[in-house]
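Peer 1: Residue numbers (the working numbering), protein chains in the order written: chain V, 512 to 917; chain X, 512 to 917.
All residues carry an ideal CB built from backbone N, CA and C; glycine is no exception.
These numbers come from a predicted model, not from an experiment.
Number of protein chains: 2
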Amino acid sequence: MSNPISHGANMLGQNRDDVRQHNLSALLRMIHQAGTLSRSQLTASSGLNRSTISDLVTELQELGLVFETEASAAGVGRPSLQVSASDQVVAFSVNTDVDAVTVGVVTLAGEVIAKRREPTNQPTAEKAAAIAAKVIASLRAELKPGTRIVGIGVAVPGQVRVADGVIRLAPHLGWVEVPFGPMLSQLTGLPVFCDNDASLGCVAEIIYGNAKGFSDVVFLFAGSGGIGGGVVINGLQLRGTAGYAGELGHVRIASSKEKDYSGLEGTLESLVRRNDFLETFKLFAATDEELLLEISRSNNAKAQKLIENQTDSLAAALGTFVNIFNPQVIILGGFITGLFAKEQQRLLAGLKYNSLAAANERVLIRESGLGSNMLMIGAAELPFNELITRPSTTALVSAKVKAPKA
Amino acid sequence: MSNPISHGANMLGQNRDDVRQHNLSALLRMIHQAGTLSRSQLTASSGLNRSTISDLVTELQELGLVFETEASAAGVGRPSLQVSASDQVVAFSVNTDVDAVTVGVVTLAGEVIAKRREPTNQPTAEKAAAIAAKVIASLRAELKPGTRIVGIGVAVPGQVRVADGVIRLAPHLGWVEVPFGPMLSQLTGLPVFCDNDASLGCVAEIIYGNAKGFSDVVFLFAGSGGIGGGVVINGLQLRGTAGYAGELGHVRIASSKEKDYSGLEGTLESLVRRNDFLETFKLFAATDEELLLEISRSNNAKAQKLIENQTDSLAAALGTFVNIFNPQVIILGGFITGLFAKEQQRLLAGLKYNSLAAANERVLIRESGLGSNMLMIGAAELPFNELITRPSTTALVSAKVKAPKA
DNA sequence: CCAGTATGTTGTCACAGGCAACAAAACCCT
DNA sequence: AGGGTTTTGTTGCCTGTGACAACATACTGG
Numbered sequence: 512m513s514n515p516i517s518h519g520a521n522m523l524g525q526n527r528d529d530v531r532q533h534n535l536s537a538l539l540r541m542i543h544q545a546g547t548l549s550r551s552q553l554t555a556s557s558g559l560n561r562s563t564i565s566d567l568v569t570e571l572q573e574l575g576l577v578f579e580t581e582a583s584a585a586g587v588g589r590p591s592l593q594v595s596a597s598d599q600v601v602a603f604s605v606n607t608d609v610d611a612v613t614v615g616v617v618t619l620a621g622e623v624i625a626k627r628r629e630p631t632n633q634p635t636a637e638k639a640a641a642i643a644a645k646v647i648a649s650l651r652a653e654l655k656p657g658t659r660i661v662g663i664g665v666a667v668p669g670q671v672r673v674a675d676g677v678i679r680l681a682p683h684l685g686w687v688e689v690p691f692g693p694m695l696s697q698l699t700g701l702p703v704f705c706d707n708d709a710s711l712g713c714v715a716e717i718i719y720g721n722a723k724g725f726s727d728v729v730f731l732f733a734g735s736g737g738i739g740g741g742v743v744i745n746g747l748q749l750r751g752t753a754g755y756a757g758e759l760g761h762v763r764i765a766s767s768k769e770k771d772y773s774g775l776e777g778t779l780e781s782l783v784r785r786n787d788f789l790e791t792f793k794l795f796a797a798t799d800e801e802l803l804l805e806i807s808r809s810n811n812a813k814a815q816k817l818i819e820n821q822t823d824s825l826a827a828a829l830g831t832f833v834n835i836f837n838p839q840v841i842i843l844g845g846f847i848t849g850l851f852a853k854e855q856q857r858l859l860a861g862l863k864y865n866s867l868a869a870a871n872e873r874v875l876i877r878e879s880g881l882g883s884n885m886l887m888i889g890a891a892e893l894p895f896n897e898l899i900t901r902p903s904t905t906a907l908v909s910a911k912v913k914a915p916k917a
Numbered sequence: 512m513s514n515p516i517s518h519g520a521n522m523l524g525q526n527r528d529d530v531r532q533h534n535l536s537a538l539l540r541m542i543h544q545a546g547t548l549s550r551s552q553l554t555a556s557s558g559l560n561r562s563t564i565s566d567l568v569t570e571l572q573e574l575g576l577v578f579e580t581e582a583s584a585a586g587v588g589r590p591s592l593q594v595s596a597s598d599q600v601v602a603f604s605v606n607t608d609v610d611a612v613t614v615g616v617v618t619l620a621g622e623v624i625a626k627r628r629e630p631t632n633q634p635t636a637e638k639a640a641a642i643a644a645k646v647i648a649s650l651r652a653e654l655k656p657g658t659r660i661v662g663i664g665v666a667v668p669g670q671v672r673v674a675d676g677v678i679r680l681a682p683h684l685g686w687v688e689v690p691f692g693p694m695l696s697q698l699t700g701l702p703v704f705c706d707n708d709a710s711l712g713c714v715a716e717i718i719y720g721n722a723k724g725f726s727d728v729v730f731l732f733a734g735s736g737g738i739g740g741g742v743v744i745n746g747l748q749l750r751g752t753a754g755y756a757g758e759l760g761h762v763r764i765a766s767s768k769e770k771d772y773s774g775l776e777g778t779l780e781s782l783v784r785r786n787d788f789l790e791t792f793k794l795f796a797a798t799d800e801e802l803l804l805e806i807s808r809s810n811n812a813k814a815q816k817l818i819e820n821q822t823d824s825l826a827a828a829l830g831t832f833v834n835i836f837n838p839q840v841i842i843l844g845g846f847i848t849g850l851f852a853k854e855q856q857r858l859l860a861g862l863k864y865n866s867l868a869a870a871n872e873r874v875l876i877r878e879s880g881l882g883s884n885m886l887m888i889g890a891a892e893l894p895f896n897e898l899i900t901r902p903s904t905t906a907l908v909s910a911k912v913k914a915p916k917a
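1. In this structure, how does DSSP classify residue 799(X) when only helix, strand and coil are distinguished?
2. Would residue 656(V) pass as an interface residue toward chain X - the criterion being a Cβ-Cβ separation below 8 Å?
3. Hey, could you find the ends of the beta strand (DSSP E) residue 549(V) is sitting in?
4. For a contact defined as C-beta to C-beta under 7 Å, what are the partners of residue 763(V) on chain X?
5. Note the first and the last residue of the continuous beta strand (DSSP E) segment covering residue 843(V).
6. Can you list, in chain order, the residues of its chain whose CB lies under 6 Å from that of residue 678(X), leaving out five sequence neighbours each side?
7. Tell me whether residue 560(X) is buried or exposed, calling it buried when 16 or more other Cβ atoms sit within 10 Å of its Cβ.
8. When you compare each of 841(X), 751(X), 644(X), 707(X) to residue 697(X) by their alpha carbons, which one comes out closest?
9. At a CB-CB cut-off below 9 Å, which residues of chain X make contact with residue 757(V)?
10. Applying a beta-carbon distance threshold of less than 8 Å, which residues of chain X neighbour residue 670(V)?
11. Who are residue 629(V)'s beta bridge partners in DSSP?
12. What does a CB cutoff of less than 7 Å around residue 770(V) pick up in its chain, not counting 5 residues either side in sequence?
13. Strictly by DSSP, which residues pair up with residue 643(X)?
14. Considering Cα atoms alone, identify which of 840(V), 816(V), 889(V) is closest to residue 871(V).
15. What whole-angstrom Cβ distance do residue 623(X) and residue 887(X) have, given they're in contact under 8 Å?
16. What does the alpha-carbon distance come out to for the pair residue 606(V) and residue 665(V)?
17. Could you tell me the boundaries of the alpha helix (DSSP H) in which residue 561(V) lies?
18. Measuring only between beta-carbons, confirm whether residue 914(X) sits less than 8 Å from chain V.
19. Please name the residues in the segment 724-757 of chain X whose beta-carbon is closer than 9 Å to at least one beta-carbon of chain V, in chain order.
20. Got a sec, what are the start and stop residues for the alpha helix (DSSP H) residue 753(X) sits in?
21. In chain X, which residues lie less than 9 Å from residue 680(V) when you measure between Cβ atoms?
22. If you drop the 5 nearest sequence neighbours on each side, which residues of the same chain put their C-beta closer than 7 Å to that of residue 898(X)?
23. Within 10 angstroms of its Cβ, does residue 784(V) collect 16 or more other Cβ (buried), or is it exposed?
24. Considering only C-alpha positions, which residue in the set 615(X), 716(X), 700(X) is nearest to residue 646(X)?
25. Should residue 583(V) be labelled buried (16 or more other beta-carbon atoms within 10 Å of its own) or exposed?
26. Would residue 595(V) pass as a contact of residue 720(V) if the rule is Cβ separation under 8 Å?
27. Is it right to say residue 740(V) is buried, meaning 16 or more other beta carbons lie within 10 angstroms of its own, or is it exposed?
28. What in chain V is Cβ-close to residue 773(X), meaning under 7 Å?
29. In chain X, which residues lie with their C-beta within 8 Å of the C-beta of residue 696(V)?
30. Using only the alpha-carbon positions, how far apart do residue 538(V) and residue 621(V) sit?
31. So what's residue 856(V) in DSSP terms, helix, strand or just coil?
32. Per the DSSP calculation, residue 749(V) is bridged to which residue(s)?
33. I'd like to know if residue 605(X) contacts chain V, where contact means its C-beta is closer than 8 Å to some C-beta of that chain.
34. Judging by CA-CA distance, which residue of 742(X), 608(X), 812(X), 745(X) is the nearest neighbour of residue 682(X)?
35. When the cut-off is 8 Å and only beta carbons count, does residue 950(X) lie next to chain V?
36. Could you work out which residue in 874(X), 827(X), 891(X), 551(X) is closest to residue 767(V) when comparing CA atoms only?
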């Protein structure tokens with residue numbers, strides 16, 4: 512089944528150069544997502560001719576984006592050359608959270624080769640940018656010679672205007688209308704791309720995690736900062752007009768007057784709350800692991816009641832998402848995986864109860880599969896995506912060149 | 512800002528033929544949506560060379576899909592040839608509803624040149640297909656000689672598996688798991704494409720109606736058969752894995768135990784109900800026009816209370832949609848346009864109250880602009896889209912050849 | 001060691017769109 | 001009215017990309 516309207520970019524005509532770019536891009540994307548692929552696999556899944564693949568791979572190699580290795584012979588016929596994404600091409604990831612700024616280095620092959628967590632306390636945007644820039648400079652100095660940098664991807668818990676990297680509102684951080692992207696770019700001299708954290712988590716899960724290979728995915732992450740959502744439809748990230756789409760935590764599901772962190776009533780985020788568990792378990796603070804453990808072995812009536820109530824609320828929201836998106840898989844992250852683990856039957860029954868049979872009959876519910884690297888990988892996809900979209904024209908920055916001072 | 516992941520079809524390589532197809536397709540789509548465009552306009556908005564446009568237009572002309580006329584000179588310089596979509600190329604539209612089967616003939620230029628409404632009462636799928644086939648045969652006989660038929664598009668009030676034209680559930684019609692598409696195809700000998708009615712309404716509004724030119728649109732239609740929704744994101748129709756996405760009427764917004772026509776609790780459809788108005792106004796049955804009139808001039812307290820309650824429910828749902836989709840425009844159709852007209856301030860305030868500022872600050876609310884032809888136009892887009900996607904390989908059927916008997 | 005199979009390489013070819021030069025058809029100004 | 005200006009259509013040539021076929025290469029298996 513083909514698709515419909517087709518506006519915007521698709522409206523444009525295409526010339527020969529576009530074809531070359533498209534094919535280079537398609538190959539690089541496959542290699543990036545798989546890490547390593549043989550030339551024959553590339554030939555098969557691209558539909559292009561062997562000779563064309565040869566030519567394109569050579570060009571990618573000359574661009575320093577991939578390298579070839581002899582095959583570890585394993586079948587009939589001449590063994591095919593293995594094409595791998597270069598680990599000399601890296602992106603920085605930044606995650607600004609309430610309690611820390613985390614910076615990572617991710618290779619084009621999708622591997623997190625360094626990660627540094629710098630604790631802080633509800634930093635201002637200026638402070639967070641300064642911390643990030645300092646850690647990036649330090650990590651940059653440690654990169655192997657010859658390494659080239661694509662850029663910086665930033666995952667922010669809040670509403671991000673993707674086009675220019677302005678954080679419209681990050682309630683927990685207290686950021687309102689701050690141009691974090693430009694700030695960090697000025698401090699580092701590198702291109703910076705920002706997006707919502709949960710949206711990036713969704714992307715990461717699709718490329719390397721438990722939603723691998725799926726094209727229609729709903730992602731829900733519940734942390735100390737509320738509930739964030741990410742959606743991918745038909746292989747495309749849902750961003751909306753300005754990048755504020757996918758705020759699944761702020762979906763209204765009940766008539767309750769409870770308000771969420773953004774001040775909206777009766778929303779998923781207002782009803783499924785990490786703090787309720789902390790109170791019930793009399794924990795002042797807890798890591799997700801500790802909280803999940805508590806949930807799994809809780810046995811008093813009060814805790815059970817809380818678990819059931821929150822499970823029901825979660826089920827109602829998931830039902831709504833299924834009706835709206837008809838996804839193949841829903842990925843859960845954060846403490847709500849505890850609800851899924853403990854009350855799976857109840858959750859699935861509730862989901863069925865709150866959604867249309869046709870839409871829910873094949874949907875899978877899974878836990879997030881990437882753990883603490885998820886946001887690093889997801890954020891790195893932002894600069895990598897720029898590179899992959901335009902492999903031969905995107906400029907890379909040498910690791911060893913000093914960043915210009917602002 | 513470029514987009515993200517890119518799966519599926521985009522993964523494939525591209526060869527020269529694909530370029531030609533893409534460009535033919537892009538031109539034909541522009542001409543189809545605009546009706547008539549000059550060659551120079553095509554050159555400008557496609558970015559292709561004059562000589563290329565000339566070549567492509569010639570090919571489309573040879574395919575009989577467009578024709579050229581001399582310009583009505585109106586500026587400096589040599590007047591550009593006008594390229595128009597052929598009115599000799601048509602599609603049939605079918606809308607199966609509870610009280611009637613409506614069949615239309617739509618030209619590639621987007622004009623409804625015939626429409627016939629065949630009253631019936633909750634027909635079975637077999638009966639509806641038979642009625643549709645009969646009317647199509649009769650309309651087909653009246654087509655001008657030389658007219659060619661692309662196929663049939665069907666708009667169904669229910670959940671449609673787009674891939675094979677099976678209606679999974681149409682509650683009001685009482686259809687469950689019926690292969691309406693194949694049935695109608697067998698009776699007519701024409702290719703048949705089915706989709707949900709509201710989704711097609713959304714497409715129609717984007718191409719020819721009040722959402723013209725927008726790429727991120729939410730469409731909500733409230734009729735006697737409940738509330739249907741259609742969503743277009745980034746110029747692409749939201750369909751989900753199997754085509755069941757976009758069921759916006761079944762979004763849960765309240766804790767109420769009221770059930771909607773599909774048995775779900777607390778949903779938009781269960782709270783915003785046409786029948787409540789008919790009861791309050793003591794109408795046994797009414798056209799949308801009559802009902803809208805009643806709403807606009809209602810002045811008793813009970814009716815006002817109902818209007819306000821339903822407006823609040825609608826606002827809550829719209830807030831949820833804004834948080835999820837961050838659309839540029841929301842189009843309302845059916846009797847809820849009455850709520851918008853009468854209680855616009857209340858609706859907008861409620862929408863603001865129930866959504867994030869960043870997402871709602873620029874969203875437009877508009878009424879549907881196509882009236883009774885909306886579904887005819889939208890349904891015809893299904894076969895037209897096939898033609899437009901593959902202009903040089905899609906087979907057209909001559910109007911005058913007898914349809915083969917099953 | 002040879003047949004069989006799968007893959008990489010090379011040179012040729014077809015074909016799409018770009019480009020430049022020219023022709024054509026309008027407007028504008030004197 | 002007529003030449004200058006502007007815009008557009010047409011034509012022929014060129015470039016570059018991927019397809020294709022033929023050949024070379026590298027492995028398995030008997």
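Peer 2: So, from the data block:
1. In the second sequence, counting from the first residue as 1, residue 799(X) sits at position 288. Residue 799(X) falls in the helix class under three-state DSSP.
2. Here residue 656(V) refers to the residue found at position 145 of the first sequence. Not closer than 8 Å to any Cβ of chain X, the Cβ of residue 656(V) fails to qualify, so no.
3. Counting from 1 along the first sequence, the entry for residue 549(V) is found at position 38. Unbroken beta strand (DSSP E) run through residue 549(V): 547-549.
4. Along the first sequence, read from residue 1 onward, the residue named residue 763(V) stands at position 252. Simply 764, 827, 830, 831, 865.
5. Here residue 843(V) refers to the residue found at position 332 of the first sequence. 840-845 is the extent of the beta strand (DSSP E) around residue 843(V).
6. Counting from 1 along the second sequence, the entry for residue 678(X) is found at position 167. The answer, listed in chain order, is 667, 669, 671, 686, 689, 691.
7. For the purposes of this step, residue 560(X) is taken as the residue at position 49 of the second sequence. Exposed.
8. What you label residue 697(X) is simply residue 186 of the second sequence in a count that begins at 1. Here the closest residue by C-alpha is 644(X).
9. Start at 1 with the first residue of the first sequence, and residue 757(V) comes out as number 246. Going along chain X in sequence order, the residues near residue 757(V) (Cβ under 9 Å) are 834, 835, 836, 837.
10. If you number the first sequence from 1, residue 670(V) lands on position 159. Under the 8 Å cutoff, chain X gives 867, 869, 870.
11. For the purposes of this step, residue 629(V) is taken as the residue at position 118 of the first sequence. In the DSSP output, where bridge partners are listed per residue, residue 629(V) has 612(V).
12. Taking the first sequence and counting its residues from 1, the one referred to as residue 770(V) is at position 259. 776, 781, listed in sequence order.
13. Translated into positions along the second sequence, residue 643(X) becomes position 132. Its beta-bridge partners do not exist; DSSP assigns none.
14. Counting from 1 along the first sequence, the entry for residue 871(V) is found at position 360. Residue 871(V) has its Cα closest to that of 840(V), out of 840(V), 816(V), 889(V).
15. Along the second sequence, one-based indexing puts residue 623(X) at 112. Along the second sequence, one-based indexing puts residue 887(X) at 376. Right, their Cβ atoms sit about 5 Å apart.
16. Position 95 of the first sequence, counting from 1, holds the residue named residue 606(V). Position 154 of the first sequence, counting from 1, holds the residue named residue 665(V). Each residue's Cα considered, the two are about 6 Å apart.
17. The count along the first sequence starts at 1 and reaches residue 561(V) at position 50. Per DSSP, residue 561(V) is one residue of the alpha helix (DSSP H) stretching across 561-573.
18. Numbered from its first residue, the second sequence carries residue 914(X) at position 403. For residue 914(X), the predicted model reports a pLDDT of 48, less than 50, meaning its position is unreliable and no value from the coordinates is stated.
19. 724, 725, 726, 727, 740, 742, 743, 744, 745, 746, 747, 748, 749, 750, 751, 752, 753, 754, 755, 756, 757
20. Against the second sequence, residue 753(X) aligns to sequence position 242. For residue 753(X), there is no enclosing alpha helix (DSSP H), as DSSP gives it neither H nor E.
21. Indexing the first sequence from 1 puts residue 680(V) at position 169. Ordered by position in chain X, the residues that pass the 9 Å Cβ test against residue 680(V) are 867, 868, 869.
22. Counted from its first residue, the second sequence places residue 898(X) at position 387. Sequence-distant partners of residue 898(X) (beyond 5 residues in either direction) whose C-beta falls short of 7 Å from its own C-beta, in its chain, are 661, 905.
23. The residue you call residue 784(V) lines up with position 273 of the first sequence. Classification of residue 784(V): buried, given that the 10 Å Cβ count is 16 or more.
24. The residue labelled residue 646(X) in the question sits at position 135 within the second sequence. Looking at the Cα atoms, 615(X) is the closest of the given residues.
25. The count along the first sequence starts at 1 and reaches residue 583(V) at position 72. Counting Cβ neighbours within 10 Å, residue 583(V) comes out exposed, since fewer than 16 surround it.
26. Here residue 595(V) refers to the residue found at position 84 when the first sequence is read from its first residue. Here residue 720(V) refers to the residue found at position 209 when the first sequence is read from its first residue. No; because the gap between Cβ atoms is not below 8 Å, this pair is not in contact.
27. Here residue 740(V) corresponds to residue number 229 of the first sequence, with the count starting at 1. Burial call: buried.
28. Position 262 of the second sequence, counted from the first residue, corresponds to residue 773(X). In chain order: 867.
29. Mapped onto the first sequence, residue 696(V) falls at position 185. Result: empty, since nearest Cβ-Cβ is about 15 Å, beyond 8 Å.
30. What you label residue 538(V) is simply residue 27 of the first sequence in a count that begins at 1. What you label residue 621(V) is simply residue 110 of the first sequence in a count that begins at 1. About 15 Å.
31. In the first sequence, the residue the question calls residue 856(V) occupies position 345. DSSP places residue 856(V) in helix when its eight states are reduced to three.
32. Within the first sequence, residue 749(V) is the residue found at index 238, counting from 1. Answer by DSSP bridge pairing: none, since residue 749(V) is not bridged.
33. Here the question's residue 605(X) lines up with position 94 in the second sequence. No, its Cβ sits nowhere closer than 8 Å to a Cβ of chain V.
34. Translated into the one-based positions of the second sequence, residue 682(X) becomes position 171. The residue with the shortest Cα to Cα distance from residue 682(X) is 608(X).
35. The question about residue 950(X) has no answer, for chain X in this structure spans 512 to 917.
36. As a working mapping, residue 767(V) is identified with position 256 in the first sequence. Comparing Cα positions, the closest option is 827(X).
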